[in-house]
Structures are given as structure tokens and as C-alpha cells.
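Here the numbering used here is used: the first residue of the sequence shown is 60, the next is one more, and so on. A virtual CB, placed ideally from N, CA and C, is assigned to each residue, including glycine.
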Amino acid sequence: MDFSTKEAVEKYLPLMHELAIRIELVAQAFDGRLNLTPPYAREYAYFQFRRMCELIALGCLQLHGDLPDAQTKSTKKEWNAERIMNLLHRIHPYSFPQSLIRIKTIDGWNIQGNSNPNALTLSEFKTLYAECGHVLHRGTIRTVESSRDFKQGDYQKAVDWQSKIVDLMNEHLISRSNGKGMYMISMRTESGYPECSILDIVNPGELQVQTINLNVADNIIHSYVANTKL
Numbered sequence: 060m061d062f063s064t065k066e067a068v069e070k071y072l073p074l075m076h077e078l079a080i081r082i083e084l085v086a087q088a089f090d091g092r093l094n095l096t097p098p099y100a101r102e103y104a105y106f107q108f109r110r111m112c113e114l115i116a117l118g119c120l121q122l123h124g125d126l127p128d129a130q131t132k133s134t135k136k137e138w139n140a141e142r143i144m145n146l147l148h149r150i151h152p153y154s155f156p157q158s159l160i161r162i163k164t165i166d167g168w169n170i171q172g173n174s175n176p177n178a179l180t181l182s183e184f185k186t187l188y189a190e191c192g193h194v195l196h197r198g199t200i201r202t203v204e205s206s207r208d209f210k211q212g213d214y215q216k217a218v219d220w221q222s223k224i225v226d227l228m229n230e231h232l233i234s235r236s237n238g239k240g241m242y243m244i245s246m247r248t249e250s251g252y253p254e255c256s257i258l259d260i261v262n263p264g265e266l267q268v269q270t271i272n273l274n275v276a277d278n279i280i281h282s283y284v285a286n287t288k289l
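Here you go:
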């Protein structure tokens, strides 16, 4: 099975650009810039959260395309974010993203993985994905009236979920299943687009680094990654 890390990253970065756009849209909803009252802003956020979970899961599947189970027809047709992550986790326990902090030192960069305590965990990812289905399901004729009651805590919970997603994905790393390297991703760079550095261990203590950037042409309009004035 031929697998190219470069091609995998080139497919991963548009997913991250779309993720960043959706995160910004939720921020606009919470800030009142979309003209939504709190109940509708919360509902809108959960719709976006569901898409975000799917983007994260599909992105992981893309970067772990060297795993045989990731290449089966059934896996390629899978859309459920939790099932995708469960499959990957069974064969590669570190398939889920880890938060990343880069610290500039006199000797170069100090990279700390899994270092943000607020970052979304795999367990929380599954909880959020299930919660999205519950919130977006309007209910039954018996429950629809009671569900009109809206609590401030419900809104704050959505705000907290947004914070956890940002803290995980803003700067993150994903380890290779073969143990020979990792991917380091910035969801937003100064260019306004995501960037990924592919780190390959070529010899003990020696890394080979290749950095790939995403750019979206202004003439691309009818696309989830089209440039918009957010």
C-alpha cells in the first residue's frame, strides 16, 4: 500500500481551514454578530460542533491512511465521527490530536505536547458528539413544550465546548502510527491559512522536517474553504 504523508497533509489542511471558519462562525454567534438570541445561538453552535467533530475525525483518518483498516471500503464510507475515532483508537491509541505549545528559546523551539489542561480530550469528544445529537433533536410532542425552557447554564456549556475545541486544535500534533514521526499543525498562521510540518525520524536524534501550507485562490467561491469576510 502506497502512502504519501505529503498527499495526506494536502488533504488534511483544507479540513482544518474549514474547521477554523466554523469556529469563527460560532464565535460570531456568541458575540451577537449573527443576530441570534441565546437559544438560537446555542443551537447554531451545536450544529457547527457536530460538523467540527466530523472534520476532526475525517482529518485523523486522512493522516492515518497508512493503517490497513483505514483503507477498507467500509471505513472510507464511514461518516460517524465516534465510530471513526473508535476504529483508529483500537489500532493506534495516539491517533487523536494533542494540544501543542511552542516556546521559543535561545537554542530553538521547545515543543510541549498534550500540555493544555482545557483542551478537548477523546472522551470529551465522544461526549460532545453525542450531545450534539441530543440538542439538535427537537424532541417529541410530549417534550417539545418543556424543552422551550432555556437556562443560562445551557448557553455557558456551549461556550465552554467552543473553548475546549479551540484549545485542542489551534496548535496540535498527531503522532504517526509507525512511531517514526508526527504531524505538527497550526490551524491559523499569519497568512490566514493552516500549516503543517511533517516530522520524520530519519536517524536516532535526527529529524527531517517538511512544511506544507494551504492557500485558497480568491476565485474559489462555491466551496467550504472559500475566502470570506468573517
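Item: Short Cβ contact (8 Å threshold) for Gly192 with Leu232; Value: no
Item: Status (buried if at least 16 other CB within 10 Å, exposed otherwise) for Arg101; Value: buried
Item: Beta-carbon spacing of Thr227, Leu179 below 8 Å; Value: In the sequence as displayed, the identity of residue 227 is Leu instead of Thr. Yes. Within cutoff.
Item: Alpha-carbon spacing of Ser256 relative to Gln267, whole angstroms; Value: 10 Å
Item: Burial state of Thr64, where buried means 16 or more other Cβ atoms lie within 10 Å; Value: buried
Item: Leu289 burial status per 10 Å Cβ neighbour count (16 or more: buried); Value: A caution first: Leu289 carries a pLDDT of 44, below 50, which makes its placement in the model unreliable, though a value can still be read off. Exposed, because fewer than 16 other Cβ atoms sit within 10 Å of the Cβ of Leu289.
Item: Minimum C-alpha distance to Gly118 - residue among Thr131, Ala140, Val218; Value: Ala140
Item: 8 Å contact criterion, which Ile224 and Met111 should meet: CB distance rounded; Value: 6 Å
Item: Same chain, Cβ closer than 7 Å to Ala67, five either side skipped, listed in chain order; Value: Gln121, Leu122, Gly124
Item: Buried/exposed call for Tyr105, threshold 16 Cβ in 10 Å; Value: buried
Item: Residues that DSSP places opposite Asp293 in a beta bridge; Value: It is not possible to answer for residue 293, since the shown part of the chain is limited to 60 through 289.
Item: Through-space distance from Gln130 to Val275, alpha-carbon basis; Value: 28 Å
Item: Whole-angstrom C-beta distance between Glu254 and Asn229, which should lie under 8 Å; Value: Not confirmed; about 12 Å, so no contact.
Item: Asn262 classed as buried or exposed, judged by whether at least 16 other C-beta atoms fall within 10 angstroms; Value: exposed
Item: Burial state of Phe89, where buried means 16 or more other Cβ atoms lie within 10 Å; Value: buried
Item: Cβ shell of Leu181 (< 8 Å), same chain only, five flanking positions each side left out; Value: Met144, His148, Phe155
Item: Distance CB(Met241)-CB(Ser234) smaller than 8 Å; Value: yes
Item: Uninterrupted beta strand (DSSP E) stretches inside the stretch 99 to 165 (no shorter than 3 residues); Value: 157 to 164
Item: Under the three-state DSSP convention, the category Leu232 falls into; Value: strand
Item: Residue interval of the alpha helix (DSSP H) (run including Gly192); Value: 181 to 195
Item: Residues near Val218 by beta carbon distance below 7 Å, same chain, minus five either side; Value: Phe89
Item: Per-residue DSSP class, three states only, for Ile82; Value: helix
Item: Per-residue DSSP class, three states only, for Glu254; Value: strand
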